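Take a look at the structure below.
Residue numbers (our numbering): 3 to 154.
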């Protein structure tokens with residue numbers, strides 16, 4: 003179900019990572035995998051920590067994807083940590099890539115959500131990602147599978 007979205011994001015990310023960030027082609031795929039893992043981990047932590055509504059608000063476009071948004075801050079911090087620990091990047095390089103990547107990924111998710119025509123609430127978000135809302139509410143890990151499939 004998400005294959006066209008996955009491909010659109012991956013393709014656009016690959017292009018932007020090279021043109022905007024100056025990443026070598028060989029570094030694009032490992033960077034994308036690191037992004038995927040980090041976003042999945044961070045979103046799960048936020049959802050399991052009782053922030054399901056905040057996650058939904060961000061990823062449906064109800065809350066702006068600004069640095070002051072606590073979920074955006076968590077995504078950014080998680081990705082910088084992943085780049086420095088998993089990919090052994092210097093902190094400055096990790097921050098530079100993260101500053102582009104997190105807003106880009108969230109923007110693409112919001113665009114695809116809005117194109118779906120679903121309501122920007124639990125019901126609509128659950129339908130968008132193809133998970134029963136009760137399962138999503140129980141935070142059993144279903145949202146992690148969505149992000150893993152989207153980016154990984």
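Where a beta carbon is used, it is the ideal one built from N, C-alpha and C, also for glycine.
Just so it is clear, the structure is predicted and the values come from calculations on it, not from any experiment.
Spanning the alpha carbons of residue 121 and residue 48 requires a straight line of approximately 22 Å. Look at the beta carbons and you see the stretch 100-117 touching the stretch 13-21: at least three pairs across the two are nearer than 8 Å.
In this structure the stretch 114-131 touches the stretch 59-71; the number of beta carbon pairs closer than 8 Å is three or more. Runs of alpha helix (DSSP H) with 4 or more residues, each lying fully within the stretch 75-147, are found at 93-118, 124-131 and 135-139, listed in chain order. If you draw a straight line from the Cα of residue 41 to the Cα of residue 24, it comes to about 22 Å. With respect to the C-alpha of residue 44, the residue from 32, 57, 117 and 34 having the closest C-alpha is 57. Assignment of residue 32 by DSSP, reduced to helix, strand and coil, places it in the helix class.
Judged by DSSP secondary structure, residue 61 falls within the alpha helix (DSSP H) whose first and last residues are 54-61. Residue 37 is classed as buried because its beta carbon has at least 16 other beta carbons within 10 Å across all chains shown.
Around the beta carbon of residue 96, 16 or more other beta carbons sit within 10 angstroms, so the residue counts as buried. Taking a C-beta distance under 9 Å as the contact criterion, residue 60 and residue 73 qualify as a contact pair. Residue 131 counts as buried, since at least 16 other C-beta atoms from the protein chains shown sit within 10 angstroms of its C-beta.
One thing to note: residue 103 has its Cβ within 9 Å of the Cβ of residue 33. CA-to-CA, the gap between residue 114 and residue 31 works out to about 22 Å. Secondary structure at residue 22: coil, using DSSP grouped into helix, strand and coil.
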